[in-house]
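In the numbering used here, the protein residues as written are 6 to 334. Ideal placement from N, C-alpha and C gives every residue a C-beta, glycine not left out. Only a predicted model underlies this, so the values are computations on that prediction, with no experimental measurement involved.
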Amino acid sequence: DLHNKTYHPMLELRKRRVWEDNLHRINKHNAEATIGHHSYTLRANHLADMVRNNAYISYILRANHLADMVRNNAYISYTSGAMTARQYVRQMVKLTKSRRRRIGDNLVGGVNYQQLDIPEELDWRKKGFVTRSLNQLDCGSCYAFSIVTAIEGQLFKQTGQYTELSPQQIVDCSTTMGNYGCSGGSLRNTLRYLERSGGLMTASEYPYTAKQSRCRFRVNETVVHITSWAVLPARDEKALQVAIATMGPVAASINASPHTFQLYHTGVYDDPSCSSDSVNHAVVVVGYTKDVWILKNWWSDKWGEDGYMRLARHKNQCGITNYAAYSIL
């Protein structure tokens, strides 16, 4: 009832057992956190009724380009009620692979960017860039949400006003550049599409439906135009910090596969099992402190700290610096 979920009678008992098993793991983890064994806690959120290897999670995690290096791009089919947590996340985290990188010479390609005078801590939310909670639902559209939110942040940086833009436009219309709608997409392909399409419409004019439909883009209704874009040097935390400070929020790839990531509640996420070797999801980095990246996710405000995560810095945790990109308006 808490998460407004109903099940077929044949699945009710199975889902309850899964939820109880996950609740046991959550309670065990949180008990260990209280005595200092973990720097973060977990919560029985709306993903807690999924078994640990779940097709639905596999589906929403299809962001194949997120990593420029995703090891396995396979699309996982699933059947209702038989999904593991990993499969469910893969459904949301569908980032597709990109084999090319374009480095932003004006920002991080030059030899002097290490000497740039940037703040030690920065949180764009504290500067007024506060966006509403977003939920990608049963659609592998993280690539669209990440790029759109990063552009919203840059627009806010320039104008001081927040304009909600349309991820649905990207889901519907960027297939011409190699994206797959709700079956996944890539940061690079999304930026290529926006550079050539003529701009982005607002979310009110082109609302999110969590399913791919006919492209309804109207160039005369765009409110922002992309003139160029670039990808940061791989695994370079200083470059990411510089980009956030000078450009605004930055879209980035991440490994969202660990069960602890999916059930994250609060604290600094620092799970040793969250490998940096491969990534499968896209988020936006909205700020940083001396030891933490501040991320916005698309799994509703029931996940994390009202939809945000604090991620440990200085170790490329979960591959957060493997593939990060920004646009120029």
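Between L66 and Y269, the CB-CB gap reaches or exceeds 8 angstroms. Under the three-state reduction of DSSP, G253 is assigned to coil, being neither helix nor strand.
Rounded to whole angstroms, the gap between the alpha carbons of K162 and S305 is 24 angstroms. Within the same chain, Y45, M314 and L316 come within 6 angstroms of Y274 by CB-CB distance, once the 5 residues on both sides are set aside. In the DSSP annotation of this structure, A330 is not part of any alpha helix (DSSP H); the continuous beta strand (DSSP E) holding it starts and ends at A329 to I333.
In this structure, S281 sits away from L196, with a CB-CB distance that is not shorter than 8 angstroms.
With three or more CB-CB distances shorter than 8 angstroms, the segment 129-137 counts as touching the segment 163-177. Within the same chain, I259, N260 and C279 come within 6 angstroms of C323 by CB-CB distance, once the 5 residues on both sides are set aside.
A Cβ-Cβ distance of about 6 angstroms is found for the pair W303 and N140, placing them in contact under the 8 angstroms criterion.
In the DSSP assignment, K162 falls within the unbroken alpha helix (DSSP H) covering C147 to T164. By the Cβ-count criterion, E37 is exposed, with fewer than 16 other Cβ atoms from all chains shown falling within 10 Å of its own Cβ.
Of the residues assessed, I40 falls on the exposed side of the cut-off, its CB having fewer than 16 other CB atoms within 10 angstroms. With fewer than 16 other Cβ atoms inside 10 Å of its own Cβ, D311 counts as exposed. In the assembly as shown, T227 is a buried residue. Its beta-carbon has 16 or more other beta-carbons within 10 Å. Contact holds between the segment 146-154 and the segment 184-193, because three or more Cβ pairs, one in each stretch, are under 8 angstroms apart. Along the length of the segment 213-250, whole alpha helix (DSSP H) runs at least 4 residues long do not occur. For T195, the uninterrupted alpha helix (DSSP H) segment begins and ends at L192 to S202. With a contact defined as Cβ atoms closer than 8 angstroms, V291 and N327 miss out at about 18 angstroms.
Per DSSP, E37 has no beta-bridge partner at all. The beta carbons of P238 and A155 sit no closer together than 8 angstroms.
If you look at H264, you'll find it in the alpha helix (DSSP H) that goes H264 to Q267.
DSSP places L170 within a strand segment (E or B) once states are collapsed to three. Residue range H286 to Y293 is occupied by the beta strand (DSSP E) that includes V288. Per DSSP, V135 has no beta-bridge partner at all.
For C220, the CB contacts under 6 angstroms within the same chain, skipping 5 residues up- and downstream, are D177 and C178 in chain order.
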